[in-house]
Amino acid sequence: MNLSPAAADTGIVFSAAGADILADWRNVDATQLRTRLTGEGASVSTVEHLLAALSGLRIDNVLVEVNADEIPAMDGSAAAFVAAIDEAGVVALSARCRFLRVTAPVRVSDGAGWAELAPSGGGLTLDVEIAFEGRIGRQRRALKLTPEAFRRELACARSFGFLRDAERLWRNGLALGASLENTVVLDGDAVLNPQGLRFGDEFVRHKMLDVVGDLTLAGAPIIGAFRSFRGGHALNVALVRAAMREGVLALEGGGRAAKRSASRPSP
Ligand SMILES: [Zn+2]
309 MNLSPAAADT
319 GIVFSAAGAD
329 ILADWRNVDA
339 TQLRTRLTGE
349 GASVSTVEHL
359 LAALSGLRID
369 NVLVEVNADE
379 IPAMDGSAAA
389 FVAAIDEAGV
399 VALSARCRFL
409 RVTAPVRVSD
419 GAGWAELAPS
429 GGGLTLDVEI
439 AFEGRIGRQR
449 RALKLTPEAF
459 RRELACARSF
469 GFLRDAERLW
479 RNGLALGASL
489 ENTVVLDGDA
499 VLNPQGLRFG
509 DEFVRHKMLD
519 VVGDLTLAGA
529 PIIGAFRSFR
539 GGHALNVALV
549 RAAMREGVLA
559 LEGGGRAAKR
569 SASRPSP
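At position 229 of the sequence shown (counting the first as 1) the number is 537 in our numbering, and the numbers step up by one without a gap.
This is how it looks when you write it as structure tokens:
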């Protein structure tokens, strides 16, 4: 994967198999376990952790070239993407940044869980709760999204999965590359990764990382308060869709200059 600079108002564009696919909710065609974008006959899977890194570091315009149909998993978090972007540096553009301000509450539910956006004073706040049986249990965490908070609290939280699900996923062609190198794997209550967890609540932090990535698909940074209970990619994307359909995201210009990034190839 290569990240290259892009002009103001380009957005985040994936270039794969000769196609250019904008990171936009209208181009999402799958949300089971990961988020996949499709356009011009090509698709790119597992975009959410890269989108989280870009959004977390406030990069609005970038060209992402990939030579495969998915983004490299790296260690299952956004840490490697943040490190590569930091190494390359970012450039402020003269164009003013656009934002989407939440003007009224919007909520989606799938029976077991829900996700909502509501107006907030400024910036994007996240309040995420997950509920699993056993070791993970209920975990809840809240933060105001800033580049500093993203780096410190979310960027290195890894994907997780259960050993009991692995065979079923593999039969369905999912998680084929999952390993202890890129996933926290639980067998019952035991974490199988020899190094253990990076945070006691790494699981909910990773869910927040996914939220940051999925909300990027709105097309511009959101000013609002996000909350979810037992959420995931499907609910996150459904929420963006519902917010667009109900017209509760007002586009406005901000005071900051937009940024772009330039990066050497990632390993
Ligand atoms: Zn994830």
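Quick reminder that beta carbons are idealized off the backbone N, C-alpha and C, glycines included. Computed from a predicted structure; not experimentally measured.
With DSSP as the reference, please indicate the residues paired to residue i in a beta bridge.
i                 : result
valine 436        : Arg449, Ser536
phenylalanine 507 : Partner(s): none; phenylalanine 507 has no beta bridge.
glycine 561       : Arg406
valine 493        : Gly469
arginine 460      : In the DSSP output, where bridge partners are listed per residue, arginine 460 has none listed.
valine 556        : Answer is none; valine 556 lacks a bridge partner.
isoleucine 320    : Val370
leucine 330       : Val321
alanine 376       : DSSP, once it has assigned bridges, lists no residue as partnering alanine 376.
isoleucine 531    : Arg409
alanine 498       : Asp495
Note the first and the last residue of the continuous alpha helix (DSSP H) segment covering residue i.
i           : result
leucine 547 : 541-553
glycine 521 : 510-523
valine 390  : 387-396
serine 363  : 356-364
For residue i, which residues in the same chain have their Cβ closer than 7 Å to its Cβ, ignoring the five residues on either side in sequence?
i            : result
valine 390   : Ala361, Leu365, Arg459, Ala463
arginine 549 : Trp333
glycine 527  : Gly319, Asp332
lysine 452   : Gly431, Thr433
Measuring only the C-alpha atoms, how far is residue i from residue j?
i              : j                 : result
valine 545     : threonine 411     : 18 Å
valine 398     : glutamate 424     : 32 Å
aspartate 509  : leucine 517       : 13 Å
glycine 555    : alanine 450       : 26 Å
arginine 564   : alanine 338       : Any reading at arginine 564 needs caution, since the residue's pLDDT is 42, under 50, leaving its predicted position unreliable; the model's value is listed next. Each residue's alpha carbon lies about 33 Å from the other.
leucine 559    : valine 372        : 25 Å
proline 455    : aspartate 394     : 12 Å
proline 573    : glycine 419       : The predicted model places proline 573 with a pLDDT of 43, which falls under 50 and marks its position as unreliable, so this point remains unresolved.
methionine 309 : glutamate 356     : 14 Å
glutamine 447  : arginine 553      : 31 Å
alanine 489    : glutamate 437     : A quick correction: the sequence has glutamate, not alanine, at residue 489. Approximately 26 Å between the Cα atoms of the pair.
isoleucine 320 : alanine 331       : 5 Å
alanine 498    : alanine 386       : 24 Å
glycine 521    : glycine 532       : 15 Å
alanine 350    : isoleucine 379    : 13 Å
valine 519     : phenylalanine 470 : 21 Å
alanine 324    : leucine 359       : 16 Å
alanine 314    : cysteine 405      : 14 Å
threonine 491  : valine 416        : 28 Å
glycine 445    : alanine 439       : 5 Å
For the beta strand (DSSP E) containing residue i, list its first residue and its last residue.
i             : result
leucine 581   : Residue numbering for the chain in the displayed model covers 309 to 575; residue 581 lies beyond these limits and cannot be assessed.
serine 278    : The chain is shown from 309 up to 575; residue 278 falls before or after that span and cannot be answered.
leucine 311   : 310-313
serine 351    : 350-352
glutamate 424 : 422-426
arginine 415  : 414-417
aspartate 337 : 336-338
For residue i, which residues from the same chain have a beta carbon less than 6 Å from its beta carbon, with the 5 sequence-adjacent residues on both sides left out?
i                 : result
isoleucine 530    : Leu408, Leu432, Leu523
aspartate 435     : Ala450, Arg535
alanine 483       : Leu477
serine 312        : Leu371
phenylalanine 537 : Gly421, Trp422, Glu437
Which same chain residues end up closer than 8 Å to residue i when comparing Cβ atoms and leaving out the 5 residues on each side of it in sequence?
i             : result
glutamate 348 : Gly326, Ala327, Asp328, Ile329
proline 413   : Glu424, Leu425, Ala426, Pro427, Val556
arginine 466  : Asp383, Gly384, Ser385, Asn490, Thr491, Val492, Arg506, Glu510, His514
* Measuring from each Cβ to the nearest heavy atom of ligand 1, keep the ones under 5 Å and list them in chain order. => Ser467, Asp518
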